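Heads up, the sequence shown is in our numbering, so the first residue is 120 and it goes up one at a time. First up is the structure itself, then whatever we jot down about it.
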Amino acid sequence: MRHRFHSICPYFAMFPETFVRKHLAATRFAGVVFDPFCGRGTTVFESLLCEREAAGCDVHPVAVCVAGAKSDPPTRFEVIERLSALETQSRSAHFGEQNQDLAEFFRLCFHPMTYIQVRFLRDNLRWLDDRTDRFIAALSLGALHGESHRSPNYFSNRMPRTISTKPAYSIKWWKKNGYTAPPRDVFAILRHLNDYRFKTSVPRGRGQVALADARSAAGAFPHLTKRVTDIITSPPYLDTTNYVEDQWLRLWFLGGKAAVCRPRGDGRHYSFDSYRTFLAECWAGVAPLLADKARIVVRIGGRKLTREQRLDVLHHSLEEGSGRHVKLTDSGISSLVKQTQANAFRGSKPTPTLEHDFCFLLE
Ligand SMILES: C[S@@+](CC[C@H](N)C(=O)[O-])C[C@H]1O[C@@H](n2cnc3c(N)ncnc32)[C@H](O)[C@@H]1O
120 MRHRFHSICP
130 YFAMFPETFV
140 RKHLAATRFA
150 GVVFDPFCGR
160 GTTVFESLLC
170 EREAAGCDVH
180 PVAVCVAGAK
190 SDPPTRFEVI
200 ERLSALETQS
210 RSAHFGEQNQ
220 DLAEFFRLCF
230 HPMTYIQVRF
240 LRDNLRWLDD
250 RTDRFIAALS
260 LGALHGESHR
270 SPNYFSNRMP
280 RTISTKPAYS
290 IKWWKKNGYT
300 APPRDVFAIL
310 RHLNDYRFKT
320 SVPRGRGQVA
330 LADARSAAGA
340 FPHLTKRVTD
350 IITSPPYLDT
360 TNYVEDQWLR
370 LWFLGGKAAV
380 CRPRGDGRHY
390 SFDSYRTFLA
400 ECWAGVAPLL
410 ADKARIVVRI
420 GGRKLTREQR
430 LDVLHHSLEE
440 GSGRHVKLTD
450 SGISSLVKQT
460 QANAFRGSKP
470 TPTLEHDFCF
480 LLE
């Protein structure tokens, strides 16, 4: 059975756990597995399931919350106890005014009773510091919005579950179609989801996931210096989503401002040269962690690059960033990327694109 932690919350551009398992099976090493762009934590968690030591980092709070929850979970009972305490406190909660610009969005998105519970959790979960709160936050992120007419386990009015649609668009769509927010008991849903997720047993080992930029990964994991024998990763692609605008509601839940922002410096790059520089800086940030002859497996895509350009940008940025000789050991398979839910919702034309898997050895 697929482990039930894998699908706690959808995330962009996730690779399947079979990809990680296949490359772990092929490795000759038994050191630490590391993912500097860990996303929802597929590499870290799958490595733990395969009894490997594992760690990862990401700059996106949603990724770090979800990957951290899977990789260092509390017990099912700790979650039950904390939910009871939070539920009791939430009954006497008072809130200041919500950002007026978004008051209409929140009124239409959540039933008044549900909103009080969501808002209470948002204001009180210490997800960065406490593993039980992080697990509850991750469960909440997966339930925050979705196709609530199809499942009783979503908190919101109808929305896609992969992306948070923009406020103005959502309001117009809900009004036009007469959709209203269902009354959902957040704590009852979280108890149910907690029971469901813990049906599969938790790995023995624990992994560390940090909110950190790959460019400074070595500083975030000093205890892993020269211990990483395998990297299995997928960097942000050239000219692809910035992972932030489309996740604005989940970011709000994790304590961010209620705003749809277009941040800078998030790793999105439009020119080939700056993308290559970015990747070289990331490999340089990871290099101190790498053991001799470390193996680097990378899945890479992006609409604007040919297969040869992807290989070239990876090979050269790896040599430049690591300062070592890099040997291509497997020019791997190419797979067709299917139409994503996000694109389908935006009405974008299907643009089939390929991803490529490359494997390198540092010498
Ligand atoms: C293609 S996704 C990885 C998805 C992951 N393999 C999974 O299965 O969920 C790329 C990730 O890189 C992260 N990212 C972008 N710039 C970064 C940086 N400078 N340092 C660390 N992570 C970064 C993004 O937030 C995103 O989660």
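Note that the Cβ used here is the ideal one computed from N, Cα and C, for glycine as well. Just so we're clear, the structure is a prediction, and the values are computed from it rather than from any experiment.
| Query | Result |
| --- | --- |
| Report whether the distance from the Cβ of TYR130 to the nearest heavy atom of ligand 1 is below 7 Å. | yes |
| Considering only the alpha carbon of each residue, which of HIS122, LEU263, PRO180 and ARG443 lies closest to LEU167? | HIS122 |
| May I have a chain-ordered list of the alpha helix (DSSP H) segments no shorter than 4 residues that lie completely inside the segment 152-217? | 161-168, 180-190 and 195-209 |
| Do TYR394 and LEU357 have their beta-carbon atoms positioned less than 8 Å apart in this structure? | yes |
| I need the boundaries of the alpha helix (DSSP H) containing HIS475, first residue and last residue. | Looking at the DSSP string, HIS475 is not in any alpha helix (DSSP H); the run it does join, the beta strand (DSSP E), is 472-481. |
| Going by C-alpha to C-alpha distance, which of LEU343, MET232 and HIS125 sits closest to ARG210? | MET232 |
| May I ask whether a heavy atom of ligand 1 can be found less than 7 Å away from the beta carbon of MET232? | no |
| Considering only residues of the same chain and omitting the five flanking positions on each side of SER454, which have a CB-CB separation below 6 Å? | GLU474 |
| Excluding sequence positions up to five away, which residues of its chain have a Cβ less than 6 Å from the Cβ of CYS169? | LEU143 |
| Indicate, with yes or no, if ligand 1 has a heavy atom lying under 7 Å from the CB of GLY440. | no |
| State buried or exposed for ARG414, treating a residue as buried only when at least 16 other CB atoms are found within 10 Å of its CB. | buried |
| Could you please give the first and the last residue of the uninterrupted beta strand (DSSP E) stretch that includes ILE415? | 409-419 |
| Report whether the distance from the Cβ of VAL178 to the nearest heavy atom of ligand 1 is below 7 Å. | yes |
| LYS345 to LYS294, Cα distance in whole Å? | 57 Å |
| Do GLY158 and ligand 1 come close, with the Cβ less than 7 Å from some heavy atom? | yes |
| Flag PHE134 as yes when its Cβ comes closer than 7 Å to any non-hydrogen atom of ligand 1, and as no otherwise. | yes |
| Cβ of ALA257 within 8 Å of Cβ of CYS401? | no |
| Under a Cβ-count criterion, where at least 16 other Cβ atoms within 10 Å of its own Cβ denotes burial, should ALA300 be classed as buried or exposed? | buried |
| Whose CA, out of ALA337, GLU364 and SER283, lies closest to the CA of PHE153? | ALA337 |
| How long is the line joining the alpha carbons of PHE254 and LEU309, rounded to whole angstroms? | 10 Å |
| Measure the alpha-carbon distance for MET120 versus ARG147 and round it to whole angstroms. | 27 Å |
| Closest by CA to ASP349, which one among ASP177, HIS125 and GLU172? | GLU172 |
| Note the first and the last residue of the continuous beta strand (DSSP E) segment covering LEU430. | Element bounds for LEU430: not the beta strand (DSSP E) but the alpha helix (DSSP H), 426-441. |
| Just to confirm, is the Cβ distance from GLY158 to ALA174 under 8 Å? | no |
| Per DSSP, ASP349 forms a beta bridge with which residues? | VAL152 and ARG414 |
| Does DSSP put ALA300 in a helix, in a strand, or in coil? | coil |
| Less than 7 Å separating the Cβ of SER190 from some heavy atom of ligand 1? | no |
| Just to check my reading of the structure: VAL139 and ILE351 have Cβ atoms closer than 8 Å, yes? What is that Cβ distance to the nearest angstrom? | 5 Å |
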